[in-house]
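2 protein chains.
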Amino acid sequence: MKFNILCKDENARVTVIETERGLVHTPQFMPVGTTATVKAVTPEQLKDIGAEIILCNTYHLYLRPGENIIKRLGGLHRFTGWNGPILTDSGGFQVYSLSSLRKVTDDGVEFRSHIDGSLHFITPERAIKIQHALGADIIMAFDECPPYPSSYKYTLQSLKLTTSWAERCKRAHSGNTSQALFGIFQGGFYKDLRTKSVEEITEIGFDGYATGGLSVGEPKELMHEMIHFTGELMPEEHPRYLMGIGDLIDVLEAVEAGYDLFDCVMPTRNARNGTLFTSRGRISIQRAEFKDDETPLDPECSCYTCRNFTKGYLRHLYLSREILGMTLNTIHNLTFYFTFFRKMREAIMNKEFSKFKTQWYEILKDNFRDTEYVSR
Amino acid sequence: MKFNILCKDENARVTVIETERGLVHTPQFMPVGTTATVKAVTPEQLKDIGAEIILCNTYHLYLRPGENIIKRLGGLHRFTGWNGPILTDSGGFQVYSLSSLRKVTDDGVEFRSHIDGSLHFITPERAIKIQHALGADIIMAFDECPPYPSSYKYTLQSLKLTTSWAERCKRAHSGNTSQALFGIFQGGFYKDLRTKSVEEITEIGFDGYATGGLSVGEPKELMHEMIHFTGELMPEEHPRYLMGIGDLIDVLEAVEAGYDLFDCVMPTRNARNGTLFTSRGRISIQRAEFKDDETPLDPECSCYTCRNFTKGYLRHLYLSREILGMTLNTIHNLTFYFTFFRKMREAIMNKEFSKFKTQWYEILKDNFRDTEYVSR
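From first to last, the protein sequence lines are chains A and B. According to my numbering, the residues represented by the first sequence are 1 to 376, in order. According to my numbering, the residues represented by the second sequence are 1 to 376, in order.
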């Protein structure tokens, strides 16, 4: 993996991550392909709408079909038919958020599968080994994610664990030159612990760095404060990834703070639930007013969905629970995201990010923030 | 609509139906797009795999979203984004098979919606008016479909009704030159009544003719006997459509008997249920033996699914209930059907249909007939 910073506008930056399977232009959004498919779209459709890199979840793929089956079938790229770059998370967050009976020890985490209740034990070494079998271009260290709120004492202990696990991940990864390994910062919402985490993790040394442990239930203001605080601390010469965050207002803050990579289920999950993003705001496609609306979702969008289908048709598909509706909505929402990120890169190149942020903040604030929203 | 017979091999024939929106080469299979979408695939994917014409169900579209909404949104072609030829059935069969509390009078049929239980009354004139609003290239007369078994007396009465409704449909359609209207033969499983129906319906005169009332629970042998019997009777100089039948063994019989057009949910519904058609027989993708199978579904198939994905991946998608699995399976099964029909046309052109039928009969007999099969 090579990394080049092409342009900076204050802390916001345009970079290129060069992997063996293609370039990733940042700021970039990674669609989530939890179970080795970005839900409801083909790899061909993903390419067509401009996806550069997708994320797959190690936790899910470890449980089903199992990393060794994917390895025998040629690794994640061959398995999914997606030939571009792939990032796998380490499973740390999913163990925290999805499994039951989680028991953390110094050595690793014991948990029960959310699918069948079976018992599993994952160590840092095992998390790396699983990710080696999966074969993504970028893999993540195994971390421990403290819930919100957590005491200073708990957060400090958890941080020490994450650091020691990061060292073990680095060791377990030594000799592997085909996959980049990113370290993860934790430290909850205590600034001194965040600082300590950045110091310890960068000391170990990774190909890129991620901030984890945000968007776990904290108020937005606190999240934004931590995004800016951690952004300042992170090393410049490596990719910076803000894990699990994709609400576009949060993205604006994070890009301003110098983050490069993002992932979130928001565009895809909302699409399947009939919530669509447009240049004029959020649309719930089931609303009666759209029943004979012959206009496309977004007159400014040139995606397959907007070129060929009316809101009236999309509403009909939604009410009829038709699979095609989910596919067309996903194509549109992801296109909206990719377009937003492309425009953001252009704004940075033109040294106009601040203007871009102000403009979009207004649009997003009035039309996108809503309790109907499904994030994470 | 223009109709040309290009070639005959005994009774089997290759024809071209010329519509304003494109050519239909027969024998041809029409994928079923019940609610204005062939389930799980985009119109673009349908075109790519070679679909020439799709069928939509008037009954479903009348109930939801309503024909007037589709009309306001520019008709079925604009609504669905499918710009090729479309055929709509009249709703007669669905009223018979899906609705409850069906009450047939000389004037029409009263029934309750399978969606919300609401009460509806459809007359032949109304069925034609609905199909005018939908705007398909080929529309169907409104008929009454007797169940199996039915007495001679009931079948005769029903036949008289179908004939009188056919006359009313023809009148209701007069002046409309942009849509072709096909008549439907009924008569159950009584040969003299089938003969009578053909005489009466052809006497009225339509742009094409269909045989209805088969595949309603009768033994296969009886169905095949009636397919051949009706095939002999049908006028040569018009398209011949065998409604609702798509089991490939039945198709072989019907093409031999001189039928041109077919529709059936079999390839699409089976795809969604994980049953896949290959040149070596039927596959249930969920079987454990496929878990690390790195071969495509069918080595002889060149569809998007077979070019890019392994059986192991398709099994994983199926077990994970992923939408993409339904899409990829549908692409494959429809490709299998279109390839089968193309080869059938080639065999007829080469005067080798009899050989083709014998060869495929053996393959299909051993590997395709199965109680797991979902037809109609």
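Each residue gets a CB set at the ideal place from its N, CA and C atoms; glycine is no exception. Quick caveat: nothing in here was measured; it's all calculated off a predicted structure.
Please report whether the beta-carbon of residue i lies at a distance below 8 Å from any beta-carbon of chain B.
i, result
"Ile-69 of chain A", "yes"
"Leu-317 of chain A", "yes"
"Ala-40 of chain A", "yes"
"Gly-74 of chain A", "yes"
"Glu-44 of chain A", "yes"
"Thr-58 of chain A", "no"
"Thr-275 of chain A", "no"
"Met-30 of chain A", "no"
"Met-226 of chain A", "no"
Who are the neighbours of residue i on chain B, taking C-beta pairs under 7 Å?
i, result
"Phe-79 of chain A", "Tyr-313"
"Ile-292 of chain A", "Looking at the sequence provided, one finds Asp at residue 292 of chain A rather than Ile. Here the neighbours are Ile-69, Arg-72, Leu-73."
Reducing DSSP to helix, strand and coil, say where residue i ends up.
i, result
"Gln-28 of chain B", "strand"
"Leu-119 of chain B", "strand"
"Arg-376 of chain A", "Note that Arg-376 of chain A has pLDDT 45, beneath the 50 cutoff, so the model's placement of it is unreliable and no number is given."
"Asn-4 of chain A", "strand"
"Thr-295 of chain B", "coil"
"Asp-247 of chain A", "coil"
"Ile-17 of chain A", "strand"
"Asp-263 of chain B", "strand"
"Cys-169 of chain B", "helix"
"Ile-86 of chain A", "strand"
"Lys-103 of chain B", "strand"
"Thr-275 of chain A", "strand"
"Tyr-241 of chain A", "strand"
"Tyr-209 of chain B", "strand"
"Ser-197 of chain A", "helix"
"Arg-282 of chain A", "strand"
"Tyr-188 of chain A", "The question names Tyr, yet the displayed sequence has Gly at residue 188 of chain A. Reduced to three states, the DSSP call for Gly-188 of chain A is coil."
"Asp-366 of chain B", "helix"
"Cys-306 of chain A", "helix"
"Leu-98 of chain A", "coil"
"Ile-53 of chain B", "coil"
"Met-234 of chain A", "coil"
"Asp-48 of chain B", "helix"
"Phe-336 of chain B", "helix"
"Leu-214 of chain B", "coil"
"Gly-312 of chain A", "helix"
"Val-255 of chain B", "helix"
"Glu-144 of chain B", "coil"
"Leu-181 of chain A", "strand"
"Ala-127 of chain B", "helix"
Using a beta-carbon distance below 8 Å, is residue i in contact with chain A?
i, result
"Ile-323 of chain B", "yes"
"Glu-64 of chain B", "Sequence inspection shows Arg at residue 64 of chain B; the Glu mentioned does not correspond to that position. Yes, Arg-64 of chain B lies at the interface with chain A (some Cβ there is under 8 Å from its Cβ)."
"Asn-308 of chain B", "yes"
"Tyr-304 of chain B", "yes"
"Met-266 of chain B", "no"
"Met-1 of chain B", "no"
"Thr-295 of chain B", "no"
Give the interface partners of residue i over in chain A, defined as CB-CB distance under 9 Å, in chain order.
i, result
"Thr-35 of chain B", "His-316, Leu-317, Ser-320, Glu-322"
"Met-326 of chain B", "Ile-323"
Mind reading off the beta-carbon distance from residue i to residue j? Whole number of angstroms is fine, and I expect it under 8 Å.
i, j, result
"Val-24 of chain B", "Pro-85 of chain B", "6 Å"
"Ala-136 of chain A", "Leu-181 of chain A", "Not a contact, Cβ separation roughly 11 Å."
"Gly-212 of chain A", "Phe-79 of chain A", "Their Cβ separation, rounded to whole angstroms, is 26 Å, which puts Gly-212 of chain A and Phe-79 of chain A out of contact at 8 Å."
"Arg-21 of chain A", "Asn-83 of chain A", "6 Å"
"Leu-222 of chain B", "Tyr-361 of chain B", "Not confirmed; about 18 Å, so no contact."
"Phe-142 of chain A", "Pro-124 of chain A", "4 Å"
"Ile-348 of chain B", "Val-41 of chain B", "With a Cβ gap of about 28 Å, Ile-348 of chain B and Val-41 of chain B do not count as contacting."
In chain A, which residues lie less than 7 Å from residue i when you measure between Cβ atoms?
i, result
"Thr-88 of chain B", "Within 7 Å Cβ-Cβ: nothing; Thr-88 of chain B doesn't reach chain A, min ~16 Å."
If contact means a Cβ-Cβ distance below 8 Å, which residues of the stretch 332-351 of chain B contact chain A? none
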